[in-house]
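Residues 1 to 155 (the UniProt record's numbering) make up the sequence shown, in order.
Take a look at the structure set out below.
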Amino acid sequence: MSARGTRADALTDALQAALATEHRAVFGYALLGPRCSADDRELAVTCTAAHEQARDATMTTLAAAGADPVGPDPDYPALYPVRDAAAARALAVRLEDGVAAGWRYAYAVAASVGGTRATRLRATAQRQLTAAAIRATRWRSRVDPARATTPFPGI
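Encoded structure:
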């Protein structure tokens, strides 16, 4: 395999990994939604829409590159149980942290590979990592306002 093929494969694999975290987030928000308090519901809906949009855009990007986008798992047992509003908030933080980790990985791969496609992926990954970190901060502020931020999102 040529170096160029290896780079393209690495970028595709990183984007697939980020897509998998978006699938998990969409599933997780559907799971936690019914347990949200009235105060949290609007944020959950906003986050769901953001993840659906990121998922769809990522699938389109992969398909345009000739890759078959990974599909969602049929279930995510590690996300259960969500018994109440506090558990829903905690799950939302975990989902956003997971998405941040997926996009941080994609950013790191793109930064190490170089090239036009990598530059585009790096910009997308930075945007998505930042968005996930902001969403996680919004959720954390509802869980523990004194610890709303994390110094290195996605790690």
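Ideal Cβ placement from N, Cα and C applies to all residues, glycine included.
Using the rule of at least 16 other Cβ atoms within 10 Å of the residue's Cβ for burial, across every protein chain shown, is G115 buried or exposed?
-> Taking the first residue of the sequence shown as position 1, residue 115 is located at position 115. Its Cβ having fewer than 16 others within 10 Å, G115 is exposed.
In this structure, does DSSP put C47 in helix, strand or coil?
-> Numbered from its first residue, the sequence shown carries residue 47 at position 47. C47 sits in a helix when the DSSP states are folded into three classes.
Test item: CB-CB of R104 and I155 under 8 Å | Working through the sequence shown from its first residue, we reach residue 104 at position 104. Working through the sequence shown from its first residue, we reach residue 155 at position 155. Remark: C-beta atoms of R104 and I155 approach each other more closely than 8 Å.
Does DSSP classify R83 as helix, strand or coil?
-> As a position in the sequence shown, residue 83 is number 83, starting the count at 1. Three-state result, R83: coil.
Contiguous beta strand (DSSP E) assignments of at least 3 residues, all confined to the UniProt domain "DUF4439" (14-155) | The qualifying runs do not exist here; there are none.
For G28, is the classification buried or exposed, using 16 other Cβ atoms within 10 angstroms of its Cβ as the cut-off for buried?
-> Within the sequence shown, numbered from 1, the residue matching residue 28 stands at position 28. With 16 or more other Cβ atoms within 10 Å, it is buried.
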